[in-house]
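In the numbering used here, the protein residues as written are -5 to 409.
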């Protein structure tokens, strides 16, 4: 019988906390743990400070069966993981001559000179299980402590992935009898409904159940519903997920546009093509995020009837011959309606953005406006951020396409 095992990942490195690198290692480890049925409840990042690493490991050992550290196994003075693990698990360090010999061999194979500081990589916590590293110079190790396990992996992604797959996963499966236990997830992607309303519509009974679990994650212009099941087999997990998904679709099915890796631009183009629909797009002060996303979809160019690009709202106002004082939300609504009628198109999306506006100048009514229009119905929204914000392109394009998909879906379903 498989055990219920909880894990925690500790990513070690000041460069992570400074934002100099993205911690993709923890994401990869999380996916691997999920696939073998190990629960992951915490992911921690800590800088190159020995005492803080010790504290992080001790905290993790209080709440997890398996603690996986990543990084800090190199030869330099800021590589402190070995000593921190030893301290946290109340033991010293033991020198392994055979490890140093293999490190030297590896350097010789690279035709590189091994320096004296590489010697510290051959010191591992007392009584630890050695994980030799055939793809790098940093040996890894496993420490068993009070029925818990600390596993330390190198921070170099290629080395970490190899040792995790070839050494750590087999160890975990054997120790915790994990063969056959899996965790599987399915993501339902929604548009046209906010996170709080979606939460209310799905209801507490589904959202608070234990297995499968249901969770919400809001993104720019859409909300994901993740269903996660833990089972003895993939078929059992699929069945558990299907039952919950059916209940969710009964309640909010009209807002679900796709699953897993489906993208809103793909679904919107498919919907327009299936109904012989056409689209016009106007983008001002923000580049071409929407039209480019549509054009990159297979057959996307065939639904586009017209695309207009303007440098700033003033240029748009002059082109439309409208009042120079017209607010950008009203301007976006006006251009969407006008372009749609001029082109005799099915629908329009218009974005009007102040390209000079940065985060420090944000104004709740005068940064970026988005309008979607069909002859039957329209929607619009304004944001405080402007063209210099990283959010502008993501929010405006995804919200615009999501809202248009929702309007068209409702209209064509009612026919």
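Note that the Cβ used here is the ideal one computed from N, Cα and C, for glycine as well. Keep in mind the model is a prediction, meaning the values are calculated, not measured.
How is the beta strand (DSSP E) around residue i delimited, first residue to last?
| i | result |
| --- | --- |
| residue 170 | Residue 170 -> not in any beta strand (DSSP E); alpha helix (DSSP H) instead, spanning 163 to 170. |
| residue 36 | 33 to 40 |
| residue 9 | Unbroken run through residue 9 is the alpha helix (DSSP H), 8 to 11; no beta strand (DSSP E). |
| residue 277 | 273 to 278 |
| residue 113 | Per DSSP, residue 113 belongs to no beta strand (DSSP E) and is neither H nor E. |
| residue 134 | 134 to 139 |
| residue 142 | 142 to 147 |
| residue 362 | 362 to 367 |
| residue 377 | 372 to 377 |
What do you get for residue i, buried or exposed, if any count of 16 or more other CB atoms within 10 angstroms of its CB means buried?
| i | result |
| --- | --- |
| residue 379 | buried |
| residue 199 | exposed |
| residue 328 | buried |
| residue 56 | exposed |
| residue 145 | buried |
| residue 227 | exposed |
| residue 224 | buried |
| residue 190 | exposed |
| residue 148 | buried |
| residue 219 | buried |
| residue 68 | buried |
| residue 11 | exposed |
| residue 338 | exposed |
| residue 395 | buried |
| residue 406 | exposed |
| residue 371 | exposed |
| residue 128 | exposed |
| residue 76 | buried |
Terminal residues of the continuous alpha helix (DSSP H) containing residue i?
| i | result |
| --- | --- |
| residue 263 | 258 to 268 |
| residue 199 | 198 to 201 |
| residue 394 | 385 to 407 |
| residue 18 | 18 to 29 |
| residue 49 | 44 to 57 |
| residue 286 | 283 to 289 |
| residue 77 | 75 to 82 |
| residue 233 | 228 to 246 |
| residue 328 | 322 to 337 |
| residue 311 | 307 to 314 |
| residue 156 | 151 to 157 |
Can you name, in chain order, every residue of its own chain whose Cβ lies under 8 Å from the Cβ of residue i, other than the five neighbours on each side?
| i | result |
| --- | --- |
| residue -5 | Here residue -5 scores only 42 on pLDDT, less than 50, and its place in the model is too uncertain to base an answer on. |
Quick one: residues in its chain with C-beta nearer than 6 Å to the C-beta of residue i, no 5 flanking neighbours on either side, listed in chain order?
| i | result |
| --- | --- |
| residue 201 | 208 |
| residue 346 | 278, 307, 322, 325, 326, 363 |
| residue 330 | 342, 344, 365, 367 |
| residue 1 | 27, 32, 34, 58, 60 |
| residue 238 | 206, 221 |
| residue 15 | 9 |
| residue 400 | 185, 186 |
Select from the options the residue whose C-alpha is nearest the C-alpha of residue i.
| i | options | result |
| --- | --- | --- |
| residue 255 | 401, 332, 183 | 183 |
| residue 66 | 314, 251, 291, 154 | 154 |
| residue 416 | 287, 297, 36, 367 | Because residue 416 is not part of the residues shown, which for the chain are -5 to 409, the question remains open. |
| residue 386 | 372, 348, 395 | 348 |
| residue 280 | 176, 305, 397 | 305 |
| residue 315 | 268, 303, 301, 332 | 332 |
| residue 133 | 140, 156, 37, 370 | 156 |
| residue 393 | 405, 365, 406, -2 | 365 |
| residue 185 | 126, 258, 143 | 258 |
| residue 22 | 370, 58, 34 | 34 |
| residue 31 | 136, 237, 80, 231 | 231 |
| residue 54 | 80, 142, 336 | 142 |
| residue 114 | 99, 93, 126, 130 | 93 |
| residue 80 | 136, 162, 188 | 136 |
| residue 268 | 282, 203, 210, 340 | 340 |
| residue 266 | 248, 250, 292 | 292 |
| residue 88 | 271, 212, 117 | 117 |
| residue 62 | 397, 73, 38, 350 | 38 |
| residue 196 | 165, 168, 162, 249 | 249 |
Using a Cβ-Cβ cut-off of 7 Å (strictly less than) and excluding sequence neighbours within five positions of residue i, which residues of its own chain qualify?
| i | result |
| --- | --- |
| residue 40 | 4, 6, 46, 47, 50 |
| residue 389 | 214, 215, 377 |
| residue 252 | 183, 261 |
| residue 287 | 259, 391 |
| residue 52 | 82 |
| residue 303 | 277, 282 |
Comparing the C-beta of residue i with each C-beta of chain C, is any distance below 8 Å?
| i | result |
| --- | --- |
| residue 130 | Protein chains in the displayed structure number just one, and chain C is not present. |
Taking 7 Å as the cut-off, is the CB of residue i close to at least one heavy atom of the ligand ATP?
| i | result |
| --- | --- |
| residue 362 | The model depicted lacks the ligand ATP and carries no ligand whatsoever. |
Stretch-stretch touch, CB-based, cutoff 8 Å, three pairs: the region 271 to 280 with the region 237 to 244: no
The region 67 to 86 contacting the region 21 to 31, beta-carbon criterion three pairs below 8 Å: no
Three CB pairs or more closer than 8 Å across the region 114 to 127 and the region 179 to 194: no
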